[in-house]
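S.K.:
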Amino acid sequence: MNARVLAPVAVPSLQHKMEGRSLFSVALSGLAWVCALLASVPLLSVLYLLITRGGARLSMEVLTELPPAGFEMGGGFGNALAGTFVMVGIAALIAIPVGIMAAIFLAELGPSSKMANIARFSAKTLTGLPSILAGVFAYAIVVLTTGTYSAPAGGVALAVLMLPIVVLTAEEAIKMVPKIMKDAAYGMGCTRSQVIWKVILPTGLPAILTGVMLAVARAAGETAPLLFTALFSNYWLYQDGKLDLMNPTASLAVLIYNFSGMPFENQIELAWAASLVLVLIVLVINVVSRYFGRQKF
Amino acid sequence: MNQPFIPPPGNHSVCQPPTSTEFVLDRCFRALARFGVFVILALVFALIFVIGEKAIPGMQKYGLDVITGSVWDPNQHLYGILPAIWGTLYSSLMALLIGGFFGIMMAIFLTQDFLPARLAAVFRTIVELLAAIPSVVYGLWGIFFVIPAIRPLADWLHQSFDWVPFFSTSLSGPGLLPAALVLAIMILPTIAAVSQDALRAVPLKTKQAAYGLGTTHWEAILKVMVPTASTGIFGALVLGLGRALGETMALAMLVGNSNQISLSLFSPANTLAAVLALNFPEAGPTEVEVLMYAALVLMAITLTVNIIGSMIMLMSNRGAKS
Numbered sequence: 010m011n012a013r014v015l016a017p018v019a020v021p022s023l024q025h026k027m028e029g030r031s032l033f034s035v036a037l038s039g040l041a042w043v044c045a046l047l048a049s050v051p052l053l054s055v056l057y058l059l060i061t062r063g064g065a066r067l068s069m070e071v072l073t074e075l076p077p078a079g080f081e082m083g084g085g086f087g088n089a090l091a092g093t094f095v096m097v098g099i100a101a102l103i104a105i106p107v108g109i110m111a112a113i114f115l116a117e118l119g120p121s122s123k124m125a126n127i128a129r130f131s132a133k134t135l136t137g138l139p140s141i142l143a144g145v146f147a148y149a150i151v152v153l154t155t156g157t158y159s160a161p162a163g164g165v166a167l168a169v170l171m172l173p174i175v176v177l178t179a180e181e182a183i184k185m186v187p188k189i190m191k192d193a194a195y196g197m198g199c200t201r202s203q204v205i206w207k208v209i210l211p212t213g214l215p216a217i218l219t220g221v222m223l224a225v226a227r228a229a230g231e232t233a234p235l236l237f238t239a240l241f242s243n244y245w246l247y248q249d250g251k252l253d254l255m256n257p258t259a260s261l262a263v264l265i266y267n268f269s270g271m272p273f274e275n276q277i278e279l280a281w282a283a284s285l286v287l288v289l290i291v292l293v294i295n296v297v298s299r300y301f302g303r304q305k306f
Numbered sequence: 087m088n089q090p091f092i093p094p095p096g097n098h099s100v101c102q103p104p105t106s107t108e109f110v111l112d113r114c115f116r117a118l119a120r121f122g123v124f125v126i127l128a129l130v131f132a133l134i135f136v137i138g139e140k141a142i143p144g145m146q147k148y149g150l151d152v153i154t155g156s157v158w159d160p161n162q163h164l165y166g167i168l169p170a171i172w173g174t175l176y177s178s179l180m181a182l183l184i185g186g187f188f189g190i191m192m193a194i195f196l197t198q199d200f201l202p203a204r205l206a207a208v209f210r211t212i213v214e215l216l217a218a219i220p221s222v223v224y225g226l227w228g229i230f231f232v233i234p235a236i237r238p239l240a241d242w243l244h245q246s247f248d249w250v251p252f253f254s255t256s257l258s259g260p261g262l263l264p265a266a267l268v269l270a271i272m273i274l275p276t277i278a279a280v281s282q283d284a285l286r287a288v289p290l291k292t293k294q295a296a297y298g299l300g301t302t303h304w305e306a307i308l309k310v311m312v313p314t315a316s317t318g319i320f321g322a323l324v325l326g327l328g329r330a331l332g333e334t335m336a337l338a339m340l341v342g343n344s345n346q347i348s349l350s351l352f353s354p355a356n357t358l359a360a361v362l363a364l365n366f367p368e369a370g371p372t373e374v375e376v377l378m379y380a381a382l383v384l385m386a387i388t389l390t391v392n393i394i395g396s397m398i399m400l401m402s403n404r405g406a407k408s
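Residue numbers (the numbering used here), protein chains in the order written: chain P, 10 to 306; chain S, 87 to 408.
1) Per the contact definition of three or more C-beta pairs closer than 8 Å, is the stretch 322–331 of chain S in contact with the stretch 379–391 of chain S?
2) How would you label S/Ser106, buried or exposed, when you count the other beta carbons within 10 angstroms and need 16 or more for buried?
3) Thinking C-beta only, is S/Ala338 closer than 8 Å to S/Gly266?
4) Distance, Cα to Cα, P/Arg178 vs P/Lys184?
5) Excluding the 5 residues preceding and the 5 following S/Ile229 in the sequence, name in chain order all residues of the same chain whose CB lies nearer than 8 Å to its CB.
6) CA-CA distance, P/Gly198 and P/Leu170?
7) Quick one: residues in its chain with C-beta nearer than 8 Å to the C-beta of S/Ala218, no 5 flanking neighbours on either side, listed in chain order?
8) Are the C-beta atoms of S/Ala266 and some chain P residue less than 8 Å apart?
9) Which ranges does the alpha helix (DSSP H) cover as unbroken runs of at least 4 residues, wholly within the stretch 137–205 of chain P, from first to last along the chain?
10) Just how far apart, CA to CA, sit P/Tyr266 and S/Met272?
11) Please list, in chain order, the residues of the stretch 198–214 of chain P that have any C-beta partner in chain S closer than 9 Å.
12) Is it the case that the Cβ atoms of P/Ala262 and S/Pro367 are separated by a distance below 8 Å?
13) For the candidate residues P/Leu287, P/Leu40, P/Pro76, P/Thr232, whose alpha-carbon lies nearest to that of P/Gly163?
14) Would you list the residues sitting across from P/Thr248 in a DSSP beta bridge?
15) Can you check whether the C-beta of S/Asn345 is within less than 8 Å of a C-beta belonging to chain P?
16) Please classify S/Thr161 as buried or exposed, where buried requires at least 16 other C-beta atoms within 10 Å of its C-beta.
17) Could you pull the DSSP bridge partners for S/Leu164 from this structure?
18) Can S/Ser281 and S/Ala359 be called in contact, C-beta distance under 8 Å?
19) What separation, rounded to the nearest whole angstrom, lies between the Cα atoms of P/Phe146 and P/Ala166?
20) Cα-Cα, which of P/Leu118, P/Asp249, P/Asn243, P/Glu180 is closest to P/Ala259?
21) So the candidates are P/Leu67, P/Gly84, P/Ser68, P/Arg66; which of them puts its Cα closest to the Cα of P/Glu74?
22) Excluding the 5 residues preceding and the 5 following S/Lys293 in the sequence, name in chain order all residues of the same chain whose CB lies nearer than 8 Å to its CB.
23) Counting contacts by CB-CB distance shorter than 8 Å, is S/Thr372 in contact with chain P?
24) Thinking P/Ser298 and P/Thr219 are a contact (beta carbons under 8 Å), I'd like their distance in whole angstroms, please.
25) Flag P/Asn295 as yes if its beta-carbon sits less than 8 Å from any beta-carbon of chain S, otherwise no.
26) What whole-angstrom Cβ distance do P/Gly98 and P/Ser284 have, given they're in contact under 8 Å?
27) Whose C-alpha, out of S/Thr314, S/Val223, S/Glu139, is nearest the C-alpha of P/Tyr57?
28) Once DSSP output is grouped into helix, strand and coil, what is the label at S/Phe252?
29) Taking S/Ile212 as the reference, give the member of P/Met190, P/Val55, P/Tyr148 with the closest Cα.
30) Going by DSSP in three states, P/Ala226 sits in which element: helix, strand or coil?
31) By how many angstroms is the C-alpha of P/Pro215 removed from the C-alpha of P/Ala226?
32) Chain B beta carbons: is any one of them nearer than 8 Å to that of P/Val169?
33) How many angstroms separate the CA atom of P/Phe306 from the CA atom of P/Asn295?
34) Between the Cα of P/Val50 and those of S/Glu139, S/Phe209, S/Ile153, S/Arg113, spot the shortest distance and give me the residue it belongs to.
35) Let me confirm a value: P/Tyr148 is counted as buried when at least 16 other C-beta atoms fall within 10 Å, else exposed. Which label applies?
36) Determine the extent of the alpha helix (DSSP H) in which S/Asp283 is found, giving its start and end residues.
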C-alpha cells in the first residue's frame with residue numbers, strides 16, 4: 010500500500026531528471042551533425058573550385074603543349090603530365106616487386122619471426138615519414154652521386170613513400186586468403202613457393218592491386234619529394250629523337266606549386282587546370298581500386 | 087607443373103613430392119622474399135644513416151647554434167632554425183586541436199548509430215577522399231579560397247581583440263591560421279579513420295550494458311565508448327600530429343615563410359619542412375650541410391612522435407584482443 014502511494018511521487022522527479030540529460034544528448038547529436046557537415050565543406054569546396062576554375066581552362070592544347078614562359082599566353086603542361094607518369098612508373102617498378110616480396114614473407118613465410126616484427130613496425134613508422142625527407146634521402150643518394158637532378162632520383166624518392174603502403178596492404182591481402190585453399194595445395198605436394206604463386210597470389214590479387222593502386226595514387230600527388238630530386242623542366246624528356254632520363258624532369262605537382270606563386274593570371278589558370286587533372290587521376294585510381302577491393306573470393 | 091596431366095605408371099595419384107628443381111626454385115624464391123624484408127629494414131637504417139652522415143659537417147661547423155639561432159641569412163652564414171621549429175610545433179598543435187576535434191566527432195558520428203548504413207558510407211567516402219587530395223592542391227585551394235575567406239574574421243578579431251596575443255597582428259596574406267586550418271583538414275582523415283577502428287573494436291556488450299543501466303545515447307558515448315577506446319583514439323591523435331609535423335607543401339604555400347617567433351595566429355611563420363622545400367632547390371654546398379642538419383632535426387621529431395603513436399596503437403590492439 011505504501012509503495013503505491015510513493016510511486017507517483019517518485020516517477021515525475023525521475024522524469025524531470027531525464028529531460029535535462031536527454032536535452033544534452035540531443036544537443037550533442039546536433040553538434041555531431043554540424044561537425045560532420047562542416048568537415049564535408051572543404052572537399053566540396055575544393056572540387057567546386059577545381060571544376061569551375063580548372064575546368065574552364067582544360068583543353069587538348071593544355072594537355073599536350075609545353076609550359077609558357079613569364080608573360081606568354083597559352084601553353085600547357087604536356088611535359089609535366091608525361092614526367093609524372095614516368096616518375097611514378099619508375100617508383101612502381103622499384104616499390105611494387107620489393108613490397109610484394111616483403112609482404113609474402115611477412116604474411117606467409119615467417120609472420121611472427123623477429124625480423125618480420127621489426128620490419129612490420131618499420132613499415133608502419135615509414136608510412137608516417139614526412140614526404141620531404143624521402144626527397145632529402147633521394148637527393149643524398151641519387152642527386153649527389155650522379156651530379157644531376159633527374160627522373161630516376163624523383164622515382165627513388167617516390168618509391169620510398171610507396172614501399173610501406175604496398176607492404177602493409179599486400180600483407181593484409183595475403184593474410185585474407187583462406188587457409189583451406191593453402192592446405193589443399195600443400196596436401197598435393199606443392200612447395201611453399203608453388204602455393205604462393207599458384208594459390209595465394211592469384212586469390213589475393215584483387216586486394217593486392219587495391220593497395221598497389223592506393224600507393225600509386227599517393228605517389229602521383231606527391232610534390233615535396235620531387236622538388237629537389239627531379240626539380241622542374243620546361244622541356245620534354247624525349248627530345249631530338251632520344252629519351253634522356255638523366256635531366257631535370259617536370260611533374261604536375263611541382264608545376265602546380267611553381268605556378269601558384271607566380272603573379273601571372275595565365276600561369277595560375279594553368280595551375281588550376283593541372284590540379285584538376287591531377288585530382289582526376291588520383292580519384293580515378295582511388296575509385297578503380299575500391300572496385301577491385303570490393304571483390305571477394 | 088603446367089604440362090597436361092599424365093598418370094604415371096604404377097603411381098595413380100595426383101600428389102607427388104617436389105622434384106629437385108622445384109626444391110631449388112622454392113629456396114631461391116624464399117630467399118627473394120627475405121630480401122624484400124631486408125630492403126625495408128635497410129631503408130630505415132639508410133634513411134637515418136645517410137641523412138645523419140650528411141648532417142655531420144653542418145653539426146660540426148655550427149653546433150647547437152643552428153637550433154637556438156633565430157636568423158636565417160646564407161649571405162652572413164647565419165643559419166638558425168629556432169623559428170622554424172617553433173612554427174612547426176605551433177602550427178601542428180593548432181591543427182591537432184581543430185583536426186582532432188572534428189576527426190573524433192566524425193569517428194563518433196560514423197560509428198555510434200547516428201546514420202543509416204548508406205548515409206554513413208557517403209560520409210565515410212567523403213573523409214577518405216579528403217585524404218586522397220594531393221597536398222599541393224590543398225595549398226592552391228588555401229591561397230585562393232581559405233585566405234580570402236578568413237580575412238574578414240581575422241581583421242575583425244585583430245581590431246576588436248588586439249590585446250589578446252593570438253590576435254596581435256593583422257593577417258596580411260599567408261600566415262599561421264590559414265596554414266593550420268588546411269593542415270587540420272589534411273590530418274582529419276587519419277584521425278577519423280584510426281579513431282573509427284578504435285571505437286569499432288569496443289565490444290557490443292559494453293555498449294549494451296551501458297544502455298541497460300539507463301544511459302542516454304551521449305552518456306554511453308562519452309562515459310563508456312570513448313573511455314574504452316581511449317588508447318586507440320589517443321594513438322590516432324599522436325599519428326595525426328606526426329602527419330602534421332611532417333607536412334610540407336600546404337605549409338610552404340600558406341605559412342608565409344618568415345622567420346619570426348610570434349604567438350599571433352595571423353602572423354606569417356615558418357616550418358622545418360617548408361624551410362627544406364624552399365631552400366634545397368637552390369642551395370649551395372654549405373647550405374646543403376645545414377639543410378641536412380635541419381632535415382635530421384625534422385626526422386628526429388617526426389620519428390619520435392610516430393614511434394610513440396605506433397607503440398600506442400600496438401598497445402591498444404593488444405588490449406582489444408585480451
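Each residue gets a CB set at the ideal place from its N, CA and C atoms; glycine is no exception. Here the structure is a predicted model, which means the values were calculated and not measured.
M.R.: According to the data block:
1) yes
2) Translated into the one-based positions of the second sequence, residue 106 of chain S becomes position 20. Classification for S/Ser106: exposed.
3) In the second sequence, the residue the question calls residue 266 of chain S occupies position 180. In the second sequence, the residue the question calls residue 338 of chain S occupies position 252. Rather than Gly, the amino acid found at residue 266 of chain S in this sequence is Ala. No.
4) What you label residue 178 of chain P is simply residue 169 of the first sequence in a count that begins at 1. What you label residue 184 of chain P is simply residue 175 of the first sequence in a count that begins at 1. According to the sequence as given, residue 178 of chain P is Thr; it is not Arg. P/Thr178 and P/Lys184: Cα-Cα distance of roughly 10 Å.
5) Within the second sequence, numbered from 1, the residue matching residue 229 of chain S stands at position 143. Taken in chain order, the residues that qualify are Pro260, Met339, Leu340.
6) By one-based count along the first sequence, residue 198 of chain P stands at place 189. By one-based count along the first sequence, residue 170 of chain P stands at place 161. Answer to the nearest angstrom: the Cα atoms are 39 Å apart.
7) Locating residue 218 of chain S in the second sequence gives position 132, counting from the first residue. Counting only Cβ-Cβ distances below 8 Å, and skipping sequence neighbours, we find nothing.
8) Residue 266 of chain S sits at position 180 when you count from the first residue of the second sequence. No, no contact with chain P.
9) 140–147, 160–184, 188–196, 201–204
10) To locate residue 266 of chain P, count along the first sequence from 1; it is residue 257. To locate residue 272 of chain S, count along the second sequence from 1; it is residue 186. Whole-angstrom Cα-Cα distance: 17 Å.
11) Gly198, Cys199, Thr200, Arg201, Ser202, Gln203, Ile205, Trp206, Lys207
12) Stepping through the first sequence from its first residue, residue 262 of chain P is reached at position 253. Stepping through the second sequence from its first residue, residue 367 of chain S is reached at position 281. No, they are not a contact pair.
13) Counting from one through the first sequence, the residue named residue 163 of chain P turns up at place 154. When only C-alpha atoms are compared, the closest one is P/Thr232.
14) One-based indexing of the first sequence puts residue 248 of chain P at position 239. The residue you asked about is not Thr; residue 248 of chain P is Gln in the sequence shown. Partner(s): P/Lys251.
15) In the second sequence, residue 345 of chain S corresponds to position 259, counting from 1. So no, S/Asn345 is outside the interface.
16) Here residue 161 of chain S refers to the residue found at position 75 of the second sequence. As written in the sequence, residue 161 of chain S is Asn, which differs from the Thr given in the question. Classification for S/Asn161: exposed.
17) Here the question's residue 164 of chain S lines up with position 78 in the second sequence. Per DSSP, S/Asp159.
18) Counting from 1 along the second sequence, the entry for residue 281 of chain S is found at position 195. Counting from 1 along the second sequence, the entry for residue 359 of chain S is found at position 273. No, they are not a contact pair.
19) Stepping through the first sequence from its first residue, residue 146 of chain P is reached at position 137. Stepping through the first sequence from its first residue, residue 166 of chain P is reached at position 157. Answer to the nearest angstrom: the Cα atoms are 7 Å apart.
20) Walking along the first sequence from the start, residue 259 of chain P turns up at place 250. Ranking P/Leu118, P/Asp249, P/Asn243, P/Glu180 by Cα distance to P/Ala259 puts P/Asn243 first.
21) Numbered from its first residue, the first sequence carries residue 74 of chain P at position 65. With distances taken between Cα atoms, P/Glu74 lies closest to P/Gly84.
22) The residue labelled residue 293 of chain S in the question sits at position 207 within the second sequence. Excluding sequence neighbours, S/Lys293 sits near Ala306, Val310, Met311.
23) Reading the second sequence from its first residue, position 286 is the one you call residue 372 of chain S. Not an interface residue.
24) Reading the first sequence from its first residue, position 289 is the one you call residue 298 of chain P. Reading the first sequence from its first residue, position 210 is the one you call residue 219 of chain P. Indeed, because the Cβ distance is near 5 Å, the residues count as touching under 8 Å.
25) Locating residue 295 of chain P in the first sequence gives position 286, where the first residue counts as 1. Chain S, which has a Cβ nearer than 8 Å to the Cβ of P/Asn295, makes this yes.
26) The sequence position of residue 98 of chain P within the first sequence is 89, counting from 1. The sequence position of residue 284 of chain P within the first sequence is 275, counting from 1. Not a contact, Cβ separation roughly 21 Å.
27) The sequence position of residue 57 of chain P within the first sequence is 48, counting from 1. Nearest C-alpha to P/Tyr57: S/Val223.
28) The sequence position of residue 252 of chain S within the second sequence is 166, counting from 1. Looking at S/Phe252 - three-state DSSP - the assignment turns out to be helix.
29) Mapped onto the second sequence, residue 212 of chain S falls at position 126. Checking every option, the nearest Cα to that of S/Ile212 belongs to P/Val55.
30) Position 217 of the first sequence, counting from 1, holds the residue named residue 226 of chain P. Looking at P/Ala226 - three-state DSSP - the assignment turns out to be helix.
31) Along the first sequence, read from residue 1 onward, the residue named residue 226 of chain P stands at position 217. Along the first sequence, read from residue 1 onward, the residue named residue 215 of chain P stands at position 206. Approximately 16 Å, taken between the alpha carbons.
32) Protein chains in the displayed structure are P and S, and chain B is not among them.
33) Position 297 of the first sequence, counting from 1, holds the residue named residue 306 of chain P. Position 286 of the first sequence, counting from 1, holds the residue named residue 295 of chain P. Unreliable placement is indicated for P/Phe306, whose pLDDT of 48 sits below 50; no coordinate value is reported for it.
34) By 1-based counting over the first sequence, the position of residue 50 of chain P is 41. Of S/Glu139, S/Phe209, S/Ile153, S/Arg113, the residue nearest in Cα terms is S/Phe209.
35) Position 139 of the first sequence, counted from the start, is the residue given in the question as residue 148 of chain P. Buried.
36) Locating residue 283 of chain S in the second sequence gives position 197, where the first residue counts as 1. Start and end: 262–286.
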